[in-house]
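Everything below concerns the one structure shown next.
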Amino acid sequence: MDATPPDAALPTDGAPAGRARTYAVRTYGCQMNVHDSERIAGLLEADGLIEAASEAEADVIVLNTCCIRENADNKLYGALGNLKALKEERPDLQVAVAGCLAQKDRELIQQRAAHVDVVFGTHNVHRATELLAHARRHGPVMEILEETVRDAADAFPSALPTKRDADHCAWVTIQIGCDNSCAFCIVPAVRGPEISRPFGELVLEVEGLASDGVTEVTLLGQNVNSYGRDLTTRLRSIDAGSADAFEAGERWVLEGRRRPRPLFADLLREVGAVEGIRRVRYTSPHPKDLRPETIAAMAETPSVCEHLHLPLQSGSDRVLAAMHRGYTAERYLERLAAARAGIEDLAVSTDVIVGFPGETDADFESTLEVAAEAGYDSAFAFVFSPRPGTEAADLEDEFVDHALCVERFERLQRVLRRSSRRSHEARVGRTEEILVEGPSKREPDQVTGRTRQNRLVHLPAAEGLRTGAYADVRITGAASHYLFGELLEVTASPRHRRRIPVASL
Ligand code: SF4
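Read in order, the letters of the sequence shown are residues 0 to 504 in numbering that gives the first Met the number 0.
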């Protein structure tokens, strides 16, 4: 950790005369980062700033970075290069860099871009406004914590105020970090080991969201299936008491606390029972940790959506072992079959990496076979690209020729597209419930909604089809990535009220 004087008492002053200071947050990467950005925006608003109409007009610009995606550093330094001219024009502008890449690159960021005022990492999102205030008084600052302090009240982004993009749905971070060591992934290095949020705190948060009118929550974590294993391991060694039920939930305490175990299935049941919550989603589970209890909880909790994202990554046992994924293709398919057998009308999506170092033609053929057998409803395929700091990035001698990767990627895409089209076509003629997301980005006279199985549906706009409403639609057509529908009936109007929850600081 690079320690910074704790300027907790400093106000976020320096507002231009006659108007409130404004901010813009630019987000790179995954849902975890999107959610962190909501928290950063919430902190800034709690500190009196308002969202700028555009980045060019903002007094504070935060780039919330991700180092998982390809060329993340080039994109960041390109963006910072563009902001340099703006900073020269307006020296009062504050530029902050947050997120995974900040956690990894640390002082390098200000060495390469001296106009950056603040750098903070993944473990101290809660310090954003203090660091901005500190930088205004004393000049550029960089603060990176090595890990999250488990017992700090503000350790988790979800304990902070939020400025959500949508009012009817919300992300809920249930754990941070990851205890796995996938060879291609930088997450364990930048997010640290797994830490689960207390069970009771999550239920309270979802109850609060429901009372604000949120009807859909998505539980977020790097490996949600192992949520709670750290809590029950820790609690086994301390005295019993009612506080344990808050930490780990009633079910585990009533069990007699015989053994540490993940609590994800319990959480799905409890969160799914919160009044007003109509849909519960989650991402991402790890195939090796998909347990029968989770499948049962999904099947038996009506609000938990019939959608499972189960990352395959490769269909070759040799490559899976090199990736340290902890399952074979056969085991993966067994778990998938168990999920499909247990949950009626389940849709399954996946991630696949093509061209992991050392991947042979035979390995790739195995991936094609498993992908075809799995019959995914949707899938994300990626060509391997090395992430500095990961084990796979050091396997340069085994990198697969790029042209060959592209050829394999296109072959895989054909298989994936075929199965997703088939699965979409099977929905035509059916009645599906959608949650309206808003006007279609493609056609202004259409709206877009999402089914419980996470399929996008485009349909003609109609009275009552407002963002956040639920409706029954008949599916009239299918493409590989979306469906077409017609309205049968609006079944529920939006319930949300707009307000920013008060900080639990
Ligand atoms: S499970 Fe693997 S891929 Fe997922 S975050 Fe952990 S290390 Fe990365």
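The beta-carbon is built from N, C-alpha and C at its ideal position, and this holds for glycine as well.
> For H457, is the beta carbon positioned less than 6 Å from some heavy atom of the ligand SF4?
Replying inline: no
> First and last residue of the alpha helix (DSSP H) that includes A78?
Replying inline: 71 to 88
> Name the DSSP bridge partner or partners of F379?
Replying inline: D350
> Can you check whether the CB of V223 is closer than 7 Å to the CB of F263?
Replying inline: yes
>> Can you give me the C-alpha to C-alpha distance between E395 and F483, rounded to a whole angstrom?
In response: 46 Å
> Which two residues bound the contiguous beta strand (DSSP E) that contains G41?
Replying inline: Careful: G41 lies outside any beta strand (DSSP E), inside the alpha helix (DSSP H) at 30 to 45.
> Span of the alpha helix (DSSP H) holding P291?
Replying inline: 291 to 299
> Going by the CB atoms, is the gap between T172 and H34 shorter than 7 Å?
Replying inline: yes
>> DSSP has F119 in a bridge; who is on the other side?
In response: E142
> Among A321, D229, Q109, V270, which one has its Cα closest to the Cα of R258?
Replying inline: D229
>> Which residue wins for smallest C-alpha separation from G357, given the options V318, A112, D243?
In response: That would be V318, whose Cα lies nearest to the Cα of G357.
> Going by C-alpha distance, which of E488, E397, A460, D400 is nearest E431?
Replying inline: E488
> Are there 16 or more other CB atoms within 10 angstroms of the CB of D344, so buried, or fewer, so exposed?
Replying inline: exposed
>> Check this for me: beta carbons of V24 and V61, under 7 Å apart or not?
In response: yes
> With burial defined as no fewer than 16 other Cβ atoms inside 10 Å of the residue's Cβ, what is the status of D211: buried or exposed?
Replying inline: Classification of D211: buried, given that the 10 Å Cβ count is 16 or more.
> Cβ-heavy atom distance between N453 and the ligand SF4 below 6 Å?
Replying inline: N453 has its Cβ no nearer than 6 Å to any heavy atom of the ligand SF4.
> Looking at the unbroken alpha helix (DSSP H) that takes in D104, where does it start and where does it end?
Replying inline: For D104, the enclosing alpha helix (DSSP H) begins and ends at 99 to 104.
> Taking the alpha carbon of G463 as the point to measure from, which residue in K287, P438, S384, T349 has its own alpha carbon closest?
Replying inline: P438
>> Check whether the segment 68 to 88 and the segment 132 to 143 are in contact - that is, three or more C-beta pairs closer than 8 Å.
In response: no
> Within the present structure, is the beta-carbon of C184 separated from the nearest heavy atom of the ligand SAH by less than 6 Å?
Replying inline: Within the structure as shown, the ligand SAH is missing, the only ligands being the ligand SF4.
> Distance, Cα to Cα, R277 vs N70?
Replying inline: 39 Å
>> For I49 and T26, which I take to be in contact (beta-carbon distance under 8 Å), what is that distance rounded to the nearest angstrom?
In response: So it is not a contact: roughly 18 Å between Cβ atoms.
> When DSSP labels each residue in this structure, what does Y331 get in the three-state scheme?
Replying inline: The answer is helix: DSSP assigns Y331 an H, G or I state.
>> Please report the straight-line C-alpha distance between R368 and F355, rounded to a whole angstrom.
In response: The residue you asked about is not Arg; residue 368 is Glu in the sequence shown. Straight-line Cα distance between these residues: approximately 17 Å.
>> Going by DSSP in three states, P438 sits in which element: helix, strand or coil?
In response: In the structure shown, P438 sits in a strand (DSSP, three-state: E or B).
>> Could you give the first and the last residue of the continuous beta strand (DSSP E) run that contains V24?
In response: 21 to 26 is the extent of the beta strand (DSSP E) around V24.
> Which residues in the same chain have their Cβ closer than 6 Å to the Cβ of S377, if we skip the five residues on either side of it in sequence?
Replying inline: S348, S419
>> Could you pull the DSSP bridge partners for P459 from this structure?
In response: Assignment of beta-bridge partners to P459 by DSSP yields Q445.
> Buried or exposed: P286, going by 16 or more other Cβ atoms within 10 Å of its Cβ?
Replying inline: Buried: at least 16 other Cβ atoms inside 10 Å.
> Ordered along the chain, which non-local residues of its own chain (more than five positions away) have a Cβ less than 7 Å from that of A402?
Replying inline: Cβ within range, chain order: n/a, list empty.
>> Applying the 10 Å Cβ sphere with the 16-neighbour rule, what's the burial state of G207?
In response: exposed
>> Distance check for D362 and Q312, CA to CA, integer angstroms please.
In response: Approximately 12 Å between the Cα atoms of the pair.
> Does DSSP put N222 in a helix, a strand or coil?
Replying inline: The DSSP-derived three-state label of N222 is coil.
>> Suppose contacts are defined by Cβ-Cβ distances below 7 Å. Is I352 in contact with F398 by that definition?
In response: no
>> Taking 6 Å as the limit between beta carbons, can you name the residues of its chain near P192, skipping five residues before and five after?
In response: G176, D178
>> For the beta strand (DSSP E) containing R280, name the first residue and the last one.
In response: 278 to 282
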